[in-house]
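Peer 1: Heads up, the sequence shown is in numbering that gives the first Met the number 0, so the first residue is 0 and it goes up one at a time. Where is the CB? At the ideal position from N, CA and C, for every residue including glycine. Model, not experiment: these values are computed from the prediction.
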Amino acid sequence: MSKNKEKAPKTQTGGYQSSDDYEMKIQTTKPSCSNPRVDIQIPKPPTTPIKTSNTFNPLLTQPNRPALPYSQALQNQPKTKKEKEALIQNTSPFPGYFVKSTIEPLILTKNRTTPSVHEFRVNNSKIFAQGIHWFSDNISKNQRFYEFILVDSGSVDIKHNRNTDGKIIYSKLIINKVNSSDDWIEPFAEKDFSKRFVPQTYSYKDYKNAWSRVLLLEDFDHSWFITFKNNCPQRFPIWFYQWWYLFGPVQDIYPPICTKGLETFIAQTNGDLYQKSLLFHAKFKIPWIICWSYNLRQILPQPYPLSLIREFKIKWWDKFDIAICSPEAIQSFLQGGRKPEWAVKYFNRQQTQASTSPCTRPPHHSRPPKQVK
0 MSKNKEKAPK
10 TQTGGYQSSD
20 DYEMKIQTTK
30 PSCSNPRVDI
40 QIPKPPTTPI
50 KTSNTFNPLL
60 TQPNRPALPY
70 SQALQNQPKT
80 KKEKEALIQN
90 TSPFPGYFVK
100 STIEPLILTK
110 NRTTPSVHEF
120 RVNNSKIFAQ
130 GIHWFSDNIS
140 KNQRFYEFIL
150 VDSGSVDIKH
160 NRNTDGKIIY
170 SKLIINKVNS
180 SDDWIEPFAE
190 KDFSKRFVPQ
200 TYSYKDYKNA
210 WSRVLLLEDF
220 DHSWFITFKN
230 NCPQRFPIWF
240 YQWWYLFGPV
250 QDIYPPICTK
260 GLETFIAQTN
270 GDLYQKSLLF
280 HAKFKIPWII
290 CWSYNLRQIL
300 PQPYPLSLIR
310 EFKIKWWDKF
320 DIAICSPEAI
330 QSFLQGGRKP
340 EWAVKYFNRQ
350 QTQASTSPCT
360 RPPHHSRPPK
370 QVK
């Protein structure tokens, strides 16, 4: 791989990643009398494929960077063990984010009390390779590898937003489709990338892993904006509901109107209850924002020490038009197949009338359809 300074990946129109952005350049040496062969030198994939800041090492060289909330909490030096555990468990990197109760246990540690920032950083560097935030037996299958799988297969559109230093500060992911095992010739067959890459092929297992590992770009100070594309196929494989359980939103962040809309959707649609939330977001393109971070928690009972976990924090996107997921929009869509935009106009008109003349009944032609019994 070239030793020159790494350049930010080029992007196609609109700033979204394309397959060309992931292609690895192949260097060849011309044959000579002493070396009649043509040697193809494939560069090793970078350990940190996209220009980011590593939480546990490069931060030491950035004195002007504000301390992370986790480290700020530790610097307060609480006196009691109970206070220490409460700080490390309740700290949220981003204000306004809701910490999900769903966690991903990773590994049992030797820590019985809250470690210092230095100890926390050192311990994690011994567990995970730099730039890889999961247990991996092949470091060439890094975050960029899994991101390429989803982009190259047409499953997602991804756009990274960088600051003036080229560091990714937040990313956008649009779900186009989720492939099932039926899209593979054989369950264990390998598919080729459309561009040169190392590794050059990936399996369906890699594809499933990609949905989780693509989001593990950076902890603490990076977030993802996620939504669904129009006409996204909504026959999701069973494993995707497990992904949704970890990375999807929960009702705790919903505005009241959206909560009522989900209740209407659940009451008037068929299927298992665990599927309803995912289908609700997919049908009405309801976005959410998610970030994640490491933490320590007492997972196993005493006298076991603390476990390293991954916790997830989610947030409602304030710019989303909540009328799209209002009960009126849901009823309009389910009963007559009308687009949500019709119900949005009705909802907004109803809100205006309620604020100007609360005792005036809306005209007959503005009434929503009757509920199907």
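1. Would you kindly work out how many angstroms separate the C-alpha atoms of Lys158 and Lys171, rounded to a whole number?
2. Please give me, in chain order, every unbroken run of the beta strand (DSSP E) with length at least 3 that falls completely inside the stretch 194-229.
3. With distances taken Cα to Cα, identify the nearest neighbour of Pro254 among Lys314, Asn178, Phe119.
4. Label Trp238 either buried or exposed according to how many other C-beta atoms from any shown protein chain fall within 10 Å of its C-beta, with 16 as the threshold for buried.
5. Once DSSP output is grouped into helix, strand and coil, what is the label at Asp136?
6. Report the CB separation of Cys231 from Lys176 in whole angstroms; it is logged as a contact under 8 angstroms.
7. Do the stretch 202-215 and the stretch 136-148 make contact, defined as three or more Cβ pairs closer than 8 angstroms?
8. Taking the alpha-carbon positions, what's the Asn178 to Gly14 distance?
9. Here's the rule: buried if 16 or more other CB atoms are within 10 angstroms of the residue's CB, otherwise exposed. What is Asp19?
10. Which two residues bound the contiguous alpha helix (DSSP H) that contains Phe332?
11. Near Cys183, what residues of its chain come up, given a Cβ to Cβ distance below 7 angstroms and the 5 sequence neighbours on each side ignored?
12. Leaving out the 5 sequence neighbours to the left and right, which residues in its chain are closer than 8 angstroms to Pro304 when beta-carbon positions are compared?
13. Taking the continuous alpha helix (DSSP H) assigned at Asp379, which residues delimit it?
14. Out of Leu278, Pro286, Leu299, state which residue places its alpha-carbon closest to the alpha-carbon of Leu333.
15. Might you give, ordered along the chain, the residues of its own chain that have their beta carbon closer than 7 angstroms to the beta carbon of Phe187, omitting 5 neighbours on each side?
16. Taking all protein chains shown into account, do 16 or more other C-beta atoms lie within 10 angstroms of the C-beta of Ser325, making it buried, or fewer, making it exposed?
17. Mind checking Glu82: buried by the 16 CB within 10 Å criterion, or exposed?
18. Within 10 angstroms of its Cβ, does His376 collect 16 or more other Cβ (buried), or is it exposed?
19. Report the three-state DSSP secondary structure of Cys290 (helix, strand or coil).
20. Just to check my reading of the structure: Ile174 and Val155 have Cβ atoms closer than 8 angstroms, yes? What is that Cβ distance to the nearest angstrom?
21. Using the C-alpha atoms, what's the distance from Thr113 back to Ile329?
22. Pull up the distance between the alpha-carbon of Ser17 and that of Arg309, whole angstroms please.
Peer 2: Taking the coordinates as given:
1. When rounded, the distance between both Cα atoms is 5 angstroms.
2. 222-227
3. Shortest Cα-Cα distance from Pro254 to any of Lys314, Asn178, Phe119 involves Lys314.
4. exposed
5. coil
6. 6 angstroms
7. yes
8. 24 angstroms
9. If you draw a 10 Å sphere on the C-beta of Asp19, you find fewer than 16 other C-beta atoms in it, and that means exposed.
10. 326-335
11. Reading the sequence as shown, one finds Trp at residue 183 and not Cys. Tyr203, listed in sequence order.
12. Leu107, Thr108, Lys109, Asn110, Arg111
13. Residue 379 lies beyond the stretch modelled for the chain, which goes from 0 to 372, so this question has no answer here.
14. Leu278
15. Ser202
16. buried
17. Confidence at Glu82 is low in this model, with a pLDDT of 48, below 50, so its placement is unreliable and the value that follows should be read with caution. Exposed: under 16 other Cβ atoms inside 10 Å.
18. Look at the range of the chain in this structure, 0 to 372, and you will see that residue 376 is not part of it.
19. In this structure, DSSP gives Cys290 an extended state, which the three-state scheme calls strand.
20. Sure, about 6 angstroms apart at Cβ, within 8 angstroms.
21. 47 angstroms
22. 30 angstroms
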